[in-house]
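Residue numbers (UniProt numbering): 5 to 327.
C-beta atoms are modelled at their ideal positions from N, C-alpha and C, and glycine is treated no differently.
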Ligand code: F6P
């Protein structure tokens, strides 16, 4: 193996830079050339790229975002787009591609390698933690800590004013952020797409809390919650609890930024090394992940076609402690 490409695709996540650095430095260690493509698959289609050496990735391990920038590329969803991308890879003499991103990015990777016989390895990078085959995705730990810090601040003001807050966190299709952060911030209710909750249950819980002496409450709502968003939930609740002083806070994209935590930097570094080693071993269409503390691989097909289940035990724990 003499030359590989690397790109970041889909929503960015803190720790993507640490993964790029790890891929580049592992290649340098083994005498392999690396080309970094800008803005995901668009950069491969447009041949917007440059060679990355060990110094090009200096001082990025601590930075959020991605130095290669990221995009969701509609053209790559077409066969013509992928043909252009393949032609550019061939022209540069690239023998394998490392794709850092989420399931949409892996779908593209899988098609490229099936159609054009170019080895592709995935590294899971998304704050949502919604990828099958890994216990943690890069960026999840950082996003959780960001959410916990933000909600702690909101709790200060919620307590001072005896208020009920509906706080919306990211997770278009998944409740991993809401569930884990919800436990960490002591939320009264955690509403996630994987679990169907009725408004009645939320209201009963809030009433019981007040009867038990609670003067303020936090309800954490995942963006993908099926009943509706945080604003809708707050408006509906107000109809049933008119004497509650209710506020809404949508945390938004601040959850995607910031310096990666130690855990995300270490995870990204481990997966970067593993991805290059997979290419060196002649493997393709696999994603590198971490299971029970050890680096593992899973077929890209499984990573995109299966969904990780929410931890029911964690749901139960959240229920027990949110009296
Ligand atoms: O990174 C995943 C995610 O955070 C989702 O939870 C969210 O719905 C989405 O990104 C929003 O991203 P964008 O604004 O880039 O479309």
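Helix, strand or coil at residue i according to DSSP, with G and I counted as helix
| i | result |
| --- | --- |
| residue 74 | coil |
| residue 84 | helix |
| residue 193 | strand |
| residue 127 | strand |
| residue 105 | strand |
| residue 168 | strand |
| residue 154 | helix |
| residue 25 | helix |
| residue 114 | helix |
| residue 186 | helix |
| residue 263 | coil |
| residue 89 | helix |
| residue 257 | helix |
| residue 49 | helix |
| residue 32 | helix |
| residue 314 | coil |
| residue 67 | coil |
| residue 96 | coil |
| residue 79 | helix |
| residue 135 | coil |
| residue 62 | coil |
| residue 323 | helix |
| residue 204 | helix |
| residue 17 | coil |
| residue 122 | coil |
Sequence-distant residues of its chain with Cβ nearer than 6 Å to residue i (five each side left out)
| i | result |
| --- | --- |
| residue 331 | Given a span of 5 to 327 for the chain in the structure shown, any question on residue 331 remains unanswerable. |
| residue 206 | 193 |
| residue 301 | 290 and 292 |
| residue 28 | 38, 56 and 61 |
| residue 43 | 73 and 75 |
| residue 187 | 322 |
| residue 250 | 168, 238 and 242 |
| residue 248 | 168 |
| residue 133 | 141, 144 and 180 |
| residue 110 | 126, 304, 307 and 308 |
Cβ-heavy atom distance, residue i to the ligand F6P, below 7 Å
| i | result |
| --- | --- |
| residue 131 | yes |
| residue 229 | no |
| residue 15 | yes |
| residue 73 | no |
| residue 258 | no |
| residue 81 | no |
| residue 69 | no |
| residue 176 | yes |
Contacting residues, own chain, Cβ-Cβ under 8 Å from residue i (five flanking each side not counted)
| i | result |
| --- | --- |
| residue 97 | 6 and 7 |
| residue 123 | 99, 100, 101, 117, 283, 286, 287, 288 and 289 |
| residue 89 | 45, 48, 49, 80 and 116 |
| residue 263 | 18, 66, 67, 68 and 146 |
| residue 310 | 136 and 137 |
Residue(s) in a DSSP beta bridge with residue i
| i | result |
| --- | --- |
| residue 8 | 38 |
| residue 173 | 226 |
| residue 142 | 129 |
| residue 55 | 39 |
Residues near residue i by beta carbon distance below 7 Å, same chain, minus five either side
| i | result |
| --- | --- |
| residue 269 | 19, 22 and 65 |
| residue 303 | 289 and 290 |
| residue 216 | 327 |
| residue 30 | 276, 277 and 280 |
| residue 32 | 57 and 58 |
| residue 35 | none |
Closer than 7 Å: residue i CB and nearest the ligand FAD heavy atom
| i | result |
| --- | --- |
| residue 49 | The ligand FAD is absent from the structure shown, which contains only the ligand F6P. |
Interface flag, residue i vs chain D, CB-CB below 8 Å
| i | result |
| --- | --- |
| residue 30 | Annotation note: the requested chain D is absent from the structure, which comprises a single protein chain. |
*Could you name each continuous beta strand (DSSP E) segment of 3 residues or more that falls completely within the region 208-255, going from the start of the chain to the end?*
If one requires a minimum length of 3 residues, the beta strand (DSSP E) runs lying completely within the region 208-255 are 221-226 and 250-254, in chain order.
_Uninterrupted beta strand (DSSP E) stretches inside the region 269-312 (no shorter than 3 residues)_ = Here the runs fully enclosed are 290-295 and 298-303.
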